[in-house]
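Residue numbers (the working numbering): 1 to 140. Every residue gets a Cβ at the ideal spot worked out from N, C-alpha and C, and that includes glycine. Reading through the structure tokens given below for one structure.
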């Protein structure tokens, strides 16, 4: 991931036939789930994990209800695959999510962070966004 960003920056050229900007611009998409507790955030994040597991298994479905633990429905090998595929993530309390996003931004030098949140219950998704917005907009 970081290597792809470095390659993009190192090889960026305004002379490219497709160039539309004057300098490289990196946008990093991050799977985010904020909740009042870390445990609840990780439980809700199993919906995202189940979505990716379904894609991997060739069985795409509607967003599934969260589980206590993804290992309830995934093999150890699938859990390892999910950890790899979903490694760019920020899951936990609002403080933990902001710390993760800050670390991702620092590590990648991202010009923009794009967040995405998958949740079975739309109210959970909205609350996650509210918690993140409240924390990001509060003094540190």
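Leaving out five residues on either side along the sequence, give the residues of the same chain with a beta carbon under 8 Å from the beta carbon of residue i.
i          : result
residue 73 : 50, 53 and 67
Just to confirm my understanding: we take residue i, look at its own chain, exclude 5 residues before and 5 after, and list those with CB closer than 7 Å. What are they?
i           : result
residue 129 : 117
residue 79  : 70 and 71
Could you tell me which of the options sits nearest to residue i, measuring between CA atoms?
i           : options               : result
residue 134 : 61, 64, 119 and 95    : 95
residue 131 : 32, 2, 121 and 110    : 32
residue 97  : 27, 35 and 1          : 35
residue 62  : 47, 76 and 112        : 47
residue 2   : 12, 28 and 16         : 28
residue 113 : 86, 101, 82 and 79    : 101
residue 43  : 136, 111, 124 and 56  : 124
residue 92  : 122, 127, 111 and 110 : 127
residue 120 : 56, 45, 82 and 37     : 45
residue 55  : 39, 25, 86 and 115    : 86
Suppose the cutoff is 6 Å on Cβ atoms and the five residues either side in sequence are ignored; what does the same chain contact list for residue i look like?
i          : result
residue 58 : none
residue 7  : none
Where does residue i fall in DSSP's three states?
i           : result
residue 26  : coil
residue 19  : coil
residue 35  : coil
residue 14  : coil
residue 138 : coil
Go through the stretch 39-119 residue by residue and report every complete run of the beta strand (DSSP E) that reaches 3 residues or more, in order.
-> 89-92 and 112-116
Are the stretch 10-21 and the stretch 103-115 touching by the rule of at least three beta carbon pairs closer than 8 Å?
no
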